[in-house]
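The numbering of the sequence shown is the working numbering, which starts it at 239 and goes up by one. In what follows, a single structure is set out as C-alpha cells and then discussed.
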Amino acid sequence: MSERRFVDFGRGHWFGPLEASRRFFWDVADLPRLAELLELGPGLRIADFGCGWGYLGHLLLPLIDPGGRIDGFDLDEELIARARERCVEAGLRGRVVFHSGDITCLDEVADDRYDLAICQTVLMHLSRPEEALSEMLRVVRPGGLVVAIEPDLLGSAASQRDNIEADDFEHLRDRLAVHSYIAQGALLLGAGDYRIAGRLPQLMEAVGLEAPQLWFNPVGRQCLASGAGLDQNYASFLLASLEESAPQSPLEEQQPLFAAAGGSAELWSRFLRRERQLDRERMNALREGRYQSAMSPQLGVCTGRVSS
Ligand SMILES: C[S@@+](CC[C@H](N)C(=O)[O-])C[C@H]1O[C@@H](n2cnc3c(N)ncnc32)[C@H](O)[C@@H]1O
239 MSERRFVDFG
249 RGHWFGPLEA
259 SRRFFWDVAD
269 LPRLAELLEL
279 GPGLRIADFG
289 CGWGYLGHLL
299 LPLIDPGGRI
309 DGFDLDEELI
319 ARARERCVEA
329 GLRGRVVFHS
339 GDITCLDEVA
349 DDRYDLAICQ
359 TVLMHLSRPE
369 EALSEMLRVV
379 RPGGLVVAIE
389 PDLLGSAASQ
399 RDNIEADDFE
409 HLRDRLAVHS
419 YIAQGALLLG
429 AGDYRIAGRL
439 PQLMEAVGLE
449 APQLWFNPVG
459 RQCLASGAGL
469 DQNYASFLLA
479 SLEESAPQSP
489 LEEQQPLFAA
499 AGGSAELWSR
509 FLRRERQLDR
519 ERMNALREGR
529 YQSAMSPQLG
539 VCTGRVSS
C-alpha cells in the first residue's frame, strides 16, 4: 500500500484503549441482535477485513458454530501476530485464521469465497474506502452480505457525559470544535473519514451492493458506569484510556489533523489542559467508585447484499 498511515494501532498507547473499547462496543447480551442483522448461522465462512488483533472473530465464532470459519486480513504484522497468539490461547486454531494482506487488493483471495465479509472501524481510516468495499464485494458469493461497522466520532464526542465534567459547556464547545477540526483534517490529509457511519449506504451503493441498510447503535445497552453498578467493560475502557503511564494519548497524536484543518494552537492547548485535569479527577472518581458516566460509541452497522 502506497498510502501514508496516520495511526499505528500496534503501538502500546493505542492498543490498550482500543482493545478495551472493543469490550464495550459489543456485549454478550448484544450478540443475538448482531447475529440477526448479519444473518449469522452455522457453517458460515466469514472474511474479517482489517481484523487487527482478531477481536471480532472471537466474538462472532460462537454464532457460526458448528462448522463456521473466519479468515482475518490485516497489513499490520504485529497485530496479526497478537491475533494468532490469542487464537492459540483460546483453543481456536484452524477456525479463525489470520493472514497478512492489504484489504484494498487481496489478489490471492478467490472471488465468491465467503458468505459474508465484515469490517469494523477500518473504512474510516482509508482515503478510498470504496476500494476495500469493492474487494469485500468481490470475495463474497452472490446473495451474501457485506457488513461495515463504522463510527461517527463527532457523534461519540458529543454524547460523552459524566459527573466530573458536569455541565461545563465551554469545554463541550471546545470538544466539539476540536473533533470537527480533527475530522476535517483527516479528510484533507487523506487519513480517512471519521464521520463515515452516515455515508456507508452511499458508499455501498456506489460499489454495486444492493439494498444497503444502516442501523445506528443497534445494541440494547451502550455503556453506563455508576458508583453502584459500574459496568466493568466500560470501566476498563476508561481506565485504559486514562492510563497516566501512556507516553502519548491517542488524542494528542491527532494534533496534525487538527492543525491541517486550521485549528488554533490556543484552542488545542486549552482543550488538552482541561482534559488532562478532568482525566485526573475522573481517574480518582473511578477508583473511589463515585464516577458516573455514559457515552455512546455511535456505531453505524451497514449491510449491503451482493446481487445473486
Ligand atoms: C481500528 S483497527 C480495527 C481492528 C478491528 N477491526 C477491530 O475492530 O478491533 C483498524 C485496522 O485496520 C487495519 N488496516 C488499515 N488499513 C488497512 C489495509 N489497507 N489493509 C489491511 N488492513 C488495514 C489496521 O492495521 C488496523 O488493524
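All C-beta atoms in this analysis are idealised placements derived from N, C-alpha and C, irrespective of residue type, glycine included. Just so you know, these numbers come straight off a predicted model, no measurement behind them.
Do the segment 266-284 and the segment 319-333 make contact, defined as three or more Cβ pairs closer than 8 angstroms?
no
Collapsed DSSP secondary structure at P389 in the structure displayed
strand
Using 8 angstroms as the threshold, is the C-beta distance between L383 and L427 below it?
no
Please tell me whether, using a cut-off of 7 angstroms, the distance from the CB of H363 to the nearest non-hydrogen atom of ligand 1 is below it.
yes
Between which two residues does the alpha helix (DSSP H) carrying R337 extend?
Going by the sequence as given, residue 337 is His instead of Arg. Looking at the DSSP string, H337 is not in any alpha helix (DSSP H); the run it does join, the beta strand (DSSP E), is V334 to S338.
Can you give me the Cβ contacts of S418 inside the same chain, cut-off strictly under 7 angstroms, excluding the 5 residues immediately before and after it?
L392
With a threshold of 7 angstroms (Cβ to nearest heavy atom), would G538 be considered close to ligand 1?
no
For P535, does the three-state DSSP call read helix, strand or coil?
coil
Min CB distance I420 to chain C below 8 angstroms
Absent here is chain C; the protein component of the structure consists of one chain.
CB-CB under 8 angstroms to S546, same chain, minus the five flanking residues each way: which ones, in chain order?
P380 and G381
For F336, is the beta carbon positioned less than 7 angstroms from some heavy atom of ligand 1?
no
Kindly indicate which residue of E504, Q530, G339 and E491 has the alpha-carbon position closest to the one of R399.
Q530
Is the segment 285-299 close to the segment 313-328, with three or more CB pairs under 8 angstroms?
yes
Cα separation between G465 and D265?
Low local confidence applies: a pLDDT of 45 at G465 is under 50, so the model's placement there is unreliable, with the coordinate-based value given in what follows. C-alpha separation (whole angstroms): 20 angstroms.
Judging by CA-CA distance, which residue of I356, D350 and P270 is the nearest neighbour of I341?
I356
Taking buried to mean at least 16 other C-beta atoms within 10 Å of its own C-beta, is R413 buried or exposed?
buried
Expected contact under 8 angstroms - CB spacing of D309 and A285 to nearest Å
5 angstroms
What does the Cβ neighbour count give for N522, buried or exposed, with the cut at 16 atoms within 10 Å?
exposed
Need the endpoints of the alpha helix (DSSP H) that D286 sits in, please.
Here D286 belongs to no alpha helix (DSSP H); instead the beta strand (DSSP E) covers R283 to F287.
Which residues DSSP lists as bridging D406, in chain order
Paired residue(s): none; D406 is not in a bridge.
Endpoints, beta strand (DSSP E) assigned at G352
With the sequence shown as reference, residue 352 is identified as Tyr, and Gly is not the correct amino acid for it. First-last of the beta strand (DSSP E) with Y352: Y352 to Q358.
To the nearest angstrom, how far is the alpha carbon of F496 from that of Q422?
8 angstroms
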